[in-house]
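In full-length UniProt numbering, the protein residues as written are 1 to 260. Backbone N, C-alpha and C fix where the C-beta goes; we use that ideal spot for every residue, glycine too. Being a predicted model, the structure only gives us computed values, none of them experimental. This report refers to the structure that appears directly beneath it.
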């Protein structure tokens, strides 16, 4: 099997802004009047072409989630979160309908260990001309034993994680359940940043997948420094079953307290 790879354009990356580490640096997403190549806008949610397109043979786009620079899924109210999720899923689906792309991926970085460079809340939707972004993802990576339902959103801990340790998989039947997915992501990100690992986790990623029957899975991943077993051998480490069950109970308790 040929490895799927993306070509990184180094000279473009040299000009990219960064304010996760250098927090006093200017934020281009706050400077809305100077944004260019805007594809769509609803209220303060903006879909635009990424100015710094570092991946060859792709169209890199960004969803600016909110005008609030310190906004995040862990602190959005439900109405705001639902509107952002609905907007993002619709734009992802719109790009997926374009036949020029072999695949279209959507994901989010949050925090210093997530791989991101800008703190302002945003997601990325990338059309890949020649690469199947889902080639190495199996149905088992997106499954797990459900432990909680929030409306139509089914929450599970992955039994076969991609990276290792803890990965939540949230499944909804389709875009019409975007509000329930938003609620689940609010709960899980708040749990990750406040309770999980005694509050020592400061980063996470969201990844989105289409699965059978029109369903959508959002993978919510707490991020730490990567294990050398994952980096050198692609061997994920997993929690034992009693710890997975305990995490499920912790999230249920957290959801009850957080949602009231």
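- With fewer than 16 other Cβ atoms inside 10 Å of its own Cβ, residue 256 counts as exposed.
- Residue 100 and residue 129 have their C-alpha atoms some 6 Å from each other.
- Residue 38 has its alpha-carbon roughly 11 Å from the corresponding atom of residue 51.
- When Cβ pairs closer than 8 Å are counted between the two stretches, the region 47–65 is seen to touch the region 109–124, the count reaching three or more.
- Residue range 228–233 is occupied by the alpha helix (DSSP H) that includes residue 233, with no beta strand (DSSP E) assigned at that position.
- The secondary-structure analysis by DSSP pairs residue 128 across a beta bridge with 58, 103.
- Residue pairing for residue 63: DSSP places it in a beta bridge opposite 47, 123.
- Going by C-alpha positions, residue 158 is about 12 Å away from residue 138.
- In its chain, beyond the 5 residues on either side, 157, 166 have a beta carbon closer than 7 Å to the beta carbon of residue 247.
- Taking 7 Å as the cut-off, the beta carbon of residue 236 is found closer than this to the beta carbon of residue 230.
- Put simply, the region 195–203 touches the region 102–117. At least three CB pairs are less than 8 Å apart.
- Collapsing the DSSP output to three states places residue 224 in coil.
- Within 10 angstroms of the beta-carbon of residue 198 lie fewer than 16 other beta-carbons, which makes it exposed.
- In this structure, the alpha-carbon of residue 15 lies about 42 Å from that of residue 244.
- In the DSSP assignment, the residues bridged to residue 155 are 148, 170.
- Around the beta carbon of residue 219, a 10 Å sphere encloses 16 or more other beta carbons of the protein chains shown; the residue is thus reported as buried.
- If you draw a straight line from the Cα of residue 213 to the Cα of residue 93, it comes to about 15 Å.
- Beta bridge pairing from DSSP links residue 38 with 48.
- In this structure, the alpha-carbon of residue 105 lies about 7 Å from that of residue 208.
- Residue burial is scored here from C-beta neighbours: residue 228 has fewer than 16 other C-beta atoms within 10 angstroms and is therefore classed as exposed.
- Just so you know, the alpha carbons of residue 35 and residue 64 end up roughly 11 Å apart.
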